[in-house]
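To start, the structure itself, in structure tokens.
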Amino acid sequence: MIFSIIGGSGSGKTSITKLIVGLWKPTKGKVLVFDKEIPKLSKIELEEVRKKIGYVFQEGALFDSYRVWENVVFYYLEKENRPKDELRNLALEKLRMVNLDERVLDLYPSDLSGGMRKRVAIARALATNPELVIYDEPTSGLDPITSRKIDELILELREKTGSTALIVTHDMVSAFTISDRILVIKEGEIVAIGKPEEVIENPDPYIQSFVGDIKACLKTLHI
């Protein structure tokens, strides 16, 4: 399942992801993840839930002073005492999943292109074999060709891993070409939720302000 959240800046898209991973607590209502009510979990219980969630930050958020392989297995470097060779092999396994190879293992983030940094960030999110991967603006700052390659990668990873992808995005072409379902949010309220073809035909003026300009583009792409 690929589930995208779209909406204007400040509408609450990223707030949803922070609630899911327990960084914020709701003022009302419930946050259920893997059938567990997140705000009520102990620190240890929350850590167990977070192991099942991978997070790809908007700008990648790679550590500049760490090599690529260290970035990918950062969780294990911090939490577990595993042999270096084992962690390098794990990093290479995850890098290959995002179509990178051993040539990048010992590079630093500054040595990489924007698209490569994004792929390394995705590899890091996959390191714990998560059931849910949250992508915060995965195509932000990338050129159109690289953006579409990231879209293809997200689709490929869904097939390879069977994990659910939750995508926060302003990229309407991306949202409407790779998503199984789309949620539209406005000022913290859900305006619509459904399949891409249902959302794009929704007559609500707010929704049309997002999708109106891309209808012709999607038709050109035969979508």
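For what it's worth, our numbering labels the leading residue of the sequence shown as 1325, then goes sequentially.
For glycine and all other residues, C-beta sits at the position ideal for the given N, C-alpha and C.
If you're wondering where the values come from, they're calculated on a predicted model, not measured in any experiment.
Residue 1397 places its beta carbon 8 Å or farther from that of residue 1374. Here residue 1392 is near residue 1444, since their CB atoms are less than 8 Å apart. Looking at the DSSP output, residue 1460 bridges to 1492. The Cβ atoms of residue 1516 and residue 1528 lie closer than 8 Å to each other. Each residue's CA atom was taken as its position, placing residue 1453 and residue 1376 some 7 Å apart. Rounded to the nearest whole angstrom, the CA to CA distance from residue 1507 to residue 1409 is 42 Å. Looking only at 1449, 1413, 1380 and 1421, the smallest Cα-Cα distance to residue 1430 is reached by 1413. Remark: fewer than three beta-carbon pairs, one from each stretch, lie closer than 8 Å, so the region 1348–1359 and the region 1433–1442 are not flagged as touching. Residue range 1505–1510 is occupied by the beta strand (DSSP E) that includes residue 1508. One Cα belongs to residue 1421, the other to residue 1487, and the distance between them is close to 13 Å.
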